[in-house]
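Before any comments, here is the structure.
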Amino acid sequence: MSKIEEFRQIVEDQIQMLDGMKRPEGLYEPVRYVLSLGGKRLRPALCLTSAALFGDFSSAVIPAVGLEVFHNFTLLHDDIMDQSEVRRNQPTVHKKWDNNTAILSGDAMLIKAYELMTKSPVGVLPQVLEVFNKTAIEVCEGQQFDMDFEKTIDVTEDGYLDMIRLKTAVLIGGSMKIGGMLGGGSLRDCSLLYKFGQDIGMAFQLQDDWLDVYGDQESFGKRIGNDILTNKKTFLLITALNRLEKESKKELLDWIERKEYQAEDKITAVTSLFNEAGVSEIVRQKRDEYFFRAMENLEKINGKKEIKSELQSFAHKLMARAR
Numbered sequence: 002m003s004k005i006e007e008f009r010q011i012v013e014d015q016i017q018m019l020d021g022m023k024r025p026e027g028l029y030e031p032v033r034y035v036l037s038l039g040g041k042r043l044r045p046a047l048c049l050t051s052a053a054l055f056g057d058f059s060s061a062v063i064p065a066v067g068l069e070v071f072h073n074f075t076l077l078h079d080d081i082m083d084q085s086e087v088r089r090n091q092p093t094v095h096k097k098w099d100n101n102t103a104i105l106s107g108d109a110m111l112i113k114a115y116e117l118m119t120k121s122p123v124g125v126l127p128q129v130l131e132v133f134n135k136t137a138i139e140v141c142e143g144q145q146f147d148m149d150f151e152k153t154i155d156v157t158e159d160g161y162l163d164m165i166r167l168k169t170a171v172l173i174g175g176s177m178k179i180g181g182m183l184g185g186g187s188l189r190d191c192s193l194l195y196k197f198g199q200d201i202g203m204a205f206q207l208q209d210d211w212l213d214v215y216g217d218q219e220s221f222g223k224r225i226g227n228d229i230l231t232n233k234k235t236f237l238l239i240t241a242l243n244r245l246e247k248e249s250k251k252e253l254l255d256w257i258e259r260k261e262y263q264a265e266d267k268i269t270a271v272t273s274l275f276n277e278a279g280v281s282e283i284v285r286q287k288r289d290e291y292f293f294r295a296m297e298n299l300e301k302i303n304g305k306k307e308i309k310s311e312l313q314s315f316a317h318k319l320m321a322r323a324r
């Protein structure tokens with residue numbers, strides 16, 4: 002078992018042991034429900050791995066759980082805003098209970114996350130909270146940009162990249178920087194960890210966008226073309242809209258606005274327009290740009306070689322999925 006897998010299990014065990022969440026049942030049952038749905042526990046595992054890179058990871062365990070509670074809080078509130086009915090193959094909180102319950106339980110999760118973050122050692126607590134606060138508000142900014150983008154067709158490639166940086170990548174970078182600080186890493190090394198985590202997060206999201214259109218359905222684990230069917234503003238769609246010639250762009254917009262269609266017809270037609278715009282190669286180049294920059298920054302970090310090797314292996318596995 003890799004160190005990252007070990008750390009995932011430690012986080013899982015700690016989540017099961019969270020206390021102070023019993024009464025009132027109407028507030029805390031949805032919180033326990035959300036946290037019981039599982040997930041990759043990627044952010045807290047990377048937090049602990051980052052701490053172990055420089056020293057003892059034990060002081061990072063509780064704050065790492067705080068990062069996972071915060072992440073799940075954002076998902077809970079995202080589901081309300083997106084009106085999503087399913088999360089990890091189970092009903093979302095607002096569907097299983099109601100909107101008011103979901104909002105209040107989400108609020109409780111955010112406060113619980115802060116409580117857990119304050120368990121950081123006193124010597125680094127102000128710095129840890131500074132990173133956490135900055136990260137948390139940026140995630141909110143990213144969600145707002147995402148909602149704004151759903152109301153307009155005029156989204157630039159740079160605008161989209163900044164949105165996914167805020168909504169997704171900064172929490173990975175922030176988790177790693179906090180872990181590095183708790184493990185005793187230098188300011189320089191912790192900053193490099195942040196850059197590594199953020200760039201890996203960017204590469205991962207671009208890979209996810211690409212796989213939805215060009216991936217193998219069995220390997221990807223979900224239906225290919227779902228983003229096309231839902232008109233999701235991905236880097237592929239935005240790139241195509243910005244690069245297609247007039248008639249082809251008109252055809253793509255027609256598919257976006259069309260209410261009645263056969264699913265396979267839309268997927269085939271839109272994929273063909275993506276190919277015409279050279280989207281696949283553009284996305285892969287951008288993904289690789291982030292990935293290689295992340296690996297360069299990891300190489301510059303002064304830390305335990307075996308842990309750096311774990312992070313290198315993790316990054317390669319992340320990018321290798323159905324590539």
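Throughout, the numbering used here is defined as the position within the sequence shown, counted from one, plus 1.
A virtual CB, placed ideally from N, CA and C, is assigned to each residue, including glycine.
### Message
Do residue 253 and residue 242 count as a contact pair if the criterion is CB distance below 8 Å?
### Response
As a working note, residue 242 is residue 241 in the sequence shown. As a working note, residue 253 is residue 252 in the sequence shown. Contact flag set, yes.
### Query
Roughly how many whole angstroms lie between the Cα atoms of residue 240 and residue 165?
Against the sequence shown, residue 240 aligns to sequence position 239. Against the sequence shown, residue 165 aligns to sequence position 164. About 15 Å.
#### Entry: Residues sharing a beta bridge with residue 92, DSSP
For the purposes of this step, residue 92 is taken as the residue at position 91 of the sequence shown. Under DSSP, residue 92 shares a beta bridge with 87.
### Message
With three or more beta-carbon pairs closer than 8 Å as the criterion, would you say the segment 281-290 touches the segment 246-261?
### Response
no
### Task
Kindly indicate which three-state DSSP category residue 224 falls into: helix, strand or coil?
Within the sequence shown, residue 224 is the residue found at index 223, counting from 1. Looking at residue 224 - three-state DSSP - the assignment turns out to be coil, as it is neither helix nor strand.
### Message
Which residue marks the beginning of the alpha helix (DSSP H) containing residue 14, and which one marks its end?
### Response
To locate residue 14, count along the sequence shown from 1; it is residue 13. Its alpha helix (DSSP H) spans residues 4-17.
### Query
Relative to the alpha-carbon of residue 293, which residue among 320, 29, 147 and 25 has its alpha-carbon at the smallest distance?
Position 292 of the sequence shown holds residue 293. It is 320 whose Cα lies nearest to the Cα of residue 293.
### Message
Only counting the same chain, and skipping five residues up and downstream in sequence, which positions put a Cβ closer than 7 Å to that of residue 118?
### Response
Counting from 1 along the sequence shown, the entry for residue 118 is found at position 117. Correct list, in chain order: 64, 67, 129, 130 and 133.
### Message
I'd like to know whether the C-beta atoms of residue 31 and residue 102 end up nearer to each other than 8 Å.
### Response
Residue 31 sits at position 30 when you count from the first residue of the sequence shown. Residue 102 sits at position 101 when you count from the first residue of the sequence shown. Yes, the pair counts as a contact, with Cβ atoms nearer than the cut-off.
### Query
When you compare each of 9, 37 and 299 to residue 181 by their alpha carbons, which one comes out closest?
In the sequence shown, the residue the question calls residue 181 occupies position 180. Closest by alpha carbon: 299.
#### Entry: Whole-angstrom distance between residue 77 and residue 21, CA atom to CA atom
Position 20 of the sequence shown, counting from 1, holds the residue named residue 21. Position 76 of the sequence shown, counting from 1, holds the residue named residue 77. Rounded to the nearest angstrom, the two C-alpha atoms are 20 Å apart.
### Query
In its own chain, which residues sit with a C-beta less than 7 Å from the C-beta of residue 168, not counting the 5 before and 5 after it?
In the sequence shown, residue 168 corresponds to position 167, counting from 1. Cβ neighbours of residue 168 beyond the five flanking positions: 140, 143, 144 and 147.
#### Entry: Nearest neighbour of residue 179, chosen from 162, 126 and 163 [CA to CA]
Within the sequence shown, the letter at position 178 stands for residue 179. Ranking the options by Cα distance to residue 179, first place goes to 126.
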